[in-house]
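Q: Questions regarding the structure given below will be posed in turn.
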Amino acid sequence: MNVRDIPGFLDVREEHGETTVVVERERVRDAARHLRDELGFNFLADVVATDYLNWGTKGVSGYIGTASGRDLNLPMTQGLQAQPRPKPWRFSVSYHLLALREGAPRLRLQTLLEDGDPVPSVVSVWPTADWHEREQFDLMGIRFDGHPNLVRILLEDDWEGHPLRKDYPIGGEPVRFSDAE
Amino acid sequence: MSLAERTKIYEGSRIPQRVPTVLDVPPELLSSDDILQVNFGPNHPSTHGVLRLIVDLDGEQVVGLSAVIGYLHTGFEKNMEQKTWWKAITYPERIDYVGYQNNELVFVLAIEKLLALEIPEKATWMRMLLCELNRIHSHLVFLGTSALELGAISMFWYTFREREMVLDLSELVAGQRMHTRYFQAGGLAEDIPRGFYSECRKFVEWMPQALDDYLGLLDRNKIWLERTKGVGLLSADDAIALGQSGPVLRASGVDWDLRRDDPYLSYDKVHFHVPVYHGGDVYDRYRVRMDEMAESVRIIEQCLDKLERMDGKPWIADDRKVVLPPREELHTSMESLIHHFKIVTEGYRVPEGEVYVAIESPRGESGCYVVSDGGPKPWRVHFRAPSFVALEATATCMRDTLVADMIAVVGSLDAVMGDSDR
Amino acid sequence: MTRLRDHGLQSERLLWPTKGPSKFEEEMGVEELEQALGLTTLEKAVRWAQTKSMWPDTFGLACCAIEMMAIVSARYDIARFGMEAFRASPRQADLLIVSGRVSHKMAKPLRQIYDQMVEPKWVIAMGACASSGGMFNNYAILQGVDRIVPVDIYVPFCPPRPEALMEGILRLHEAHLAGVPPAYERRQVAT
Amino acid sequence: MLRDWLPFLIYGLLALAIPASMIYASFALATRPARRTRARLVPFESGVSQGQMKPQRFTVSFYLTAMLFIVFDIEIVFLYPLAVQLHALGWFGFVEFLFFIVILLVAYVYIWRKGALDW
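Chains as they are written, first to last, in our numbering: chain A, 85 to 265; chain B, 488 to 909; chain C, 0 to 190; chain D, 8 to 126.
What follows is the structure, encoded as structure tokens:
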């Protein structure tokens, strides 16, 4: 399965027994069509966007107490063992593909993008991508060009902001641990 | 294992053209104002949970449908990013709360894949046993509620009687009926209690009889056959294009089961048959799930034979960096005390990397994509939810169905709203 | 000072004999509670009839809904208390069991269904998520259903065992039989 | 003459008293809501109803099905007096009624062939 002749090919990684192919952002739909037709990946399992904002910045150790109680959701100890590999771009969108044939070969098609860059939608290649892409638009704010119905799917229609971004506060309330506070 | 020859369920593809998941009202009907738009909204007895279907009806015929979800969106992924790996294992069970054990397994397998941790054989076999028990539990809940929707009310009481037996077993093992939190990164949280094997044997002997009762009740019941045969058709190509997996895919004639084709745990050392049907309708999905329950009983039996010979074996890995050292060791060795302190306060660190693990949950391929930055907390967790994808197929399956059939089709897709809304 | 348990509210007394004033007394103050408890025989008969057939509304949200279904099964059998008829529409339901986590998108429908229920009506917040947001302290989940609906009984655990839910229901029956007014009257919340 | 009508009288009174007491009890003993909330007037539409349902037209097939139901339901109503008096009427009654059944059977086959039964 030669991966190098995928349109828009940039890089391939083999980790934990999984192959990850990184392609240019504009050529995602051609790469997807190539993967489905030539290499037989007819099953799209999942579309995931990941936000790498302040990735690898050293966190602080210990809990941070506030007047109104200890907010369990604030960054706790983040002491990193080793500095993780730098990620100069902010978002990565990964398509997890599977070929329904002997040996169940799996592949992760990944594109890297900054905030606001549109990604060509693959709904025409795999119809199941419709809701996956809507969910990533809803929760992460990734715009997919050519998507027939790109509106919010999980949150209310008048919700502002994209909750799964690293700069979006987790919300909820600080937990009061004792009557004294 | 070539794909089974796909009998023609219907010609071409029935996936709607404009938007794959929305069935549009045909243009000629659009002008006539006979079309009645009805909300099968969040609080409806037949939509399992808080699914909302906006349905356009021409008399009894369903001519337009779009599913609206999100009424149970819980922000799992945001919450898991804030917790350490140890605490985060509690969350996945609440995602697909009917197949909870499988969800917990997929997250724990993802952590172990990142850690490249070897788990003892006893833990592997016990995990398989509990996941198969959970598959039976999930199919029982499906059978009970789907038959209840189509009028076979007595099925509900039969299936929930067996469900209580399964919950008694999981309560015996883990102390809690549902959401047992029995899996740890490295094996099991506790050793298997004495007396579990005999109880499980009793269940395994009783279950085939119960399955025959269900078949006797439903399989030759004229009303059930009339309401389920030929309803909600989904061809193999459409099922693959819509990303269906599990019983919905196997009922459309695609012979695909991750437990056999992409084995995890030790499913390759267990003999079981994967039921495949070629009708692609509600009846065949029900048949696939019934046969799967029988197969799960066979798997549990083989797991029990293996486990009974493993008494006294380790049930959790002994990698001190990840697994809590046993209590008595804390009083003697200094390193164990330090490890114990580090794990309990900061949580163990998982090496940097991204991983996607997929298992065969009762609803289909349930995947878990985990990104770790080497810190004690997951950086990004995403669950591939089979119910989320199953609801995409509602528009395709709803072609020329009546209102009553729509309830049968939504029941047969077996979508759990917690799993689809995450 | 006569206490609630002198008026036949068993559960308070069994649980914690030396306990301070109960939740009902805190909310209403002892005096109004006293006249509320002074029931005529006709009122007692009506309340007896109401507790003997309190129909819950099928409001299954998440994992607690599966356990709520279990109380209808043969082993726990809520039919012994005349409650096995789970009504689909709020018009015919008396009791709203909020079983599961309430997301913000679901809050408006939940409030609408509560308003459409006919008096006298009660609300049981089943499970930690309905009572307090549970372990989902985040942007999506309403931190406790009592933010939008007056709640009568909170049932802890996640998910509560069917027995725990039934104990919550029985306490509700006892409170109503003893004369304690429903939550929307006690807290003068918009009915 | 009045005496042999007495049971009917008592029966009539009872048949009147039971619904009357129910209606009275439901008004007298019911607990009134303090204020009529807007949501009470809105139709129940699984929790997401926006307001009054605008009057919508129903397809004619519902009306057709209703008519067919009435025809065959009334047919059963006529059977009751026959069943009560069958012994007295003897064979004459039975044959007489066969004609009635045959006529309706012809009607049934006609509408079945016309396809009015399947939706």
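Heads up, the beta-carbon is just placed ideally off N, CA and C, and yes, glycines get one too. As the structure is a computational prediction, the values presented were derived from the model and not from experiment.
#1: DSSP on A:T161, reduced to helix/strand/coil?
#2: Quick one: is A:T161 near chain B, going by C-beta distance under 8 Å?
#3: Per DSSP, what are the beta-bridge partners of B:A738 in this structure?
#4: Could I get the ranges of all uninterrupted alpha helix (DSSP H) runs contained in the region 63-125 of chain D, with 4 residues as the minimum, in chain order?
#5: Once you ignore the five residues that flank D:L93 on each side, which residues in its own chain have a CB closer than 8 Å to its CB?
#6: If you follow the alpha helix (DSSP H) that B:L817 is part of, which residue opens it and which one closes it?
#7: For B:W743, count neighbouring Cβ atoms within 10 angstroms of its own Cβ and tell me buried if that reaches 16, exposed if not.
#8: At the level of alpha carbons, what is the spacing between A:A213 and B:V897?
#9: Alpha helix (DSSP H) containing B:C618: first to last residue?
#10: Can you name the residues of chain D whose CB is closer than 9 Å to the CB of B:F527?
#11: Sorted by chain position, which residues of the same chain lie with C-beta nearer than 8 Å to A:R218's C-beta, five sequence neighbours on each side aside?
#12: Which whole-angstrom value describes the C-beta separation of B:L889 and B:V549, a residue pair presumed to lie in contact below a C-beta threshold of 8 Å?
#13: Give the residues of chain A in contact with C:G132, contact being defined as C-beta atoms less than 9 Å apart.
#14: Given that a residue counts as buried once 16 or more other Cβ atoms are within 10 Å of its Cβ, and exposed if not, what is B:F643?
#15: Should D:I30 be labelled buried (16 or more other beta-carbon atoms within 10 Å of its own) or exposed?
#16: So, is the C-beta of A:T103 closer than 8 Å to a C-beta in chain B?
#17: Check distances from the C-beta atoms of the region 30-51 of chain D to those of chain B and list, in chain order, the residues that come in under 8 Å.
#18: What residues from chain B crowd round D:Q63, counting only those whose CB sits closer than 9 Å?
#19: What residues from chain B crowd round C:I65, counting only those whose CB sits closer than 8 Å?
#20: Going by the beta-carbon positions, is the gap between B:G719 and B:C884 smaller than 8 Å?
#21: To test your reading of the DSSP string, which unbroken alpha helix (DSSP H) runs of 4 or more residues are found completely within the region 639-718 of chain B?
#22: On the CB-based measure, 16 or more other CB atoms within 10 Å of its CB, does D:I77 come out buried or exposed?
#23: Applying the criterion that 16 or more other CB atoms from any shown protein chain within 10 Å of the CB defines a buried residue, is A:V144 buried or exposed?
#24: Closer than 9 Å between beta carbons: that is the criterion. Which residues of the region 128-160 of chain C meet it against chain A?
#25: Where do the N-terminal and C-terminal ends of the alpha helix (DSSP H) with C:A73 fall, by residue?
#26: C:L41 to C:K22, Cα distance in whole Å?
#27: What residues from chain C crowd round A:E240, counting only those whose CB sits closer than 8 Å?
#28: Can you name, in chain order, every residue of its own chain whose Cβ lies under 7 Å from the Cβ of B:G840, other than the five neighbours on each side?
#29: The alpha helix (DSSP H) with B:M780 in it runs from where to where?
#30: Taking Cβ positions only, does A:I237 come closer than 8 Å to chain B?
#31: How do the region 691-698 of chain B and the region 604-619 of chain B stand: do at least 3 beta-carbon pairs fall below 8 Å, yes or no?
#32: Note down, in chain order, all residues in the region 635-647 of chain B with a beta-carbon under 7 Å from any beta-carbon belonging to chain C.
#33: If you run the structure through DSSP and keep just helix, strand and coil, what is B:H869?
#34: D:W126 CB to nearest chain B CB: under 8 Å?
#35: Out of A:L123, A:R88, A:N86, A:P91, which one is the CA nearest neighbour of A:A188?
#36: Where do the N-terminal and C-terminal ends of the alpha helix (DSSP H) with B:S753 fall, by residue?
A: So, to answer that:
#1: Only weak support is given to the placement of A:T161: the predicted model assigns it a pLDDT of 49, under 50, and the question is left unresolved by the model.
#2: Residue placement at A:T161 is poorly supported in this model, since its pLDDT is 49, which falls under 50; the coordinates still yield a value, given next. Answer yes: the Cβ-Cβ gap between A:T161 and chain B drops below 8 Å somewhere.
#3: Per DSSP, B:A738 has no beta-bridge partner at all.
#4: 67-121
#5: G100, F101
#6: 814-819
#7: buried
#8: 20 Å
#9: 608-636
#10: Listed by position along chain D, the residues whose Cβ is nearer than 9 Å to that of B:F527 are S53.
#11: Excluding residues within five positions, the ones whose Cβ falls inside 8 Å are H231, N233, L234, V235, R236, I237.
#12: 7 Å
#13: Going along chain A in sequence order, the residues near C:G132 (Cβ under 9 Å) are G256, E257.
#14: It counts as buried.
#15: exposed
#16: no
#17: Of all residues in the region 30-51 of chain D, none comes within less than 8 Å of chain B when Cβ atoms are compared.
#18: D520, D521, I522, L523, Q524
#19: Per Cβ cutoff of 8 Å: Y584, V585, V628, M665.
#20: yes
#21: 640-661, 683-705, 709-715
#22: exposed
#23: Note on A:V144: pLDDT 47, under 50, position unreliable in the model; no value is reported.
#24: G132, F135, N136, N137, Y138, A139, I140, Q142
#25: Boundaries for C:A73: no alpha helix (DSSP H) harbours it, and the DSSP string shows neither H nor E there.
#26: 26 Å
#27: H103, K104
#28: These residues qualify, in order along the chain: L601, S859.
#29: 769-795
#30: A:I237 belongs to the set of residues whose beta carbon lies under 8 Å from a beta carbon in chain B.
#31: Output reads no: the region 604-619 of chain B does not touch the region 691-698 of chain B.
#32: Hits within the stretch, in order: W644, F647.
#33: It is a strand residue.
#34: Closer than 8 Å: yes.
#35: A:L123
#36: Unbroken run through B:S753: none, as it is neither H nor E.
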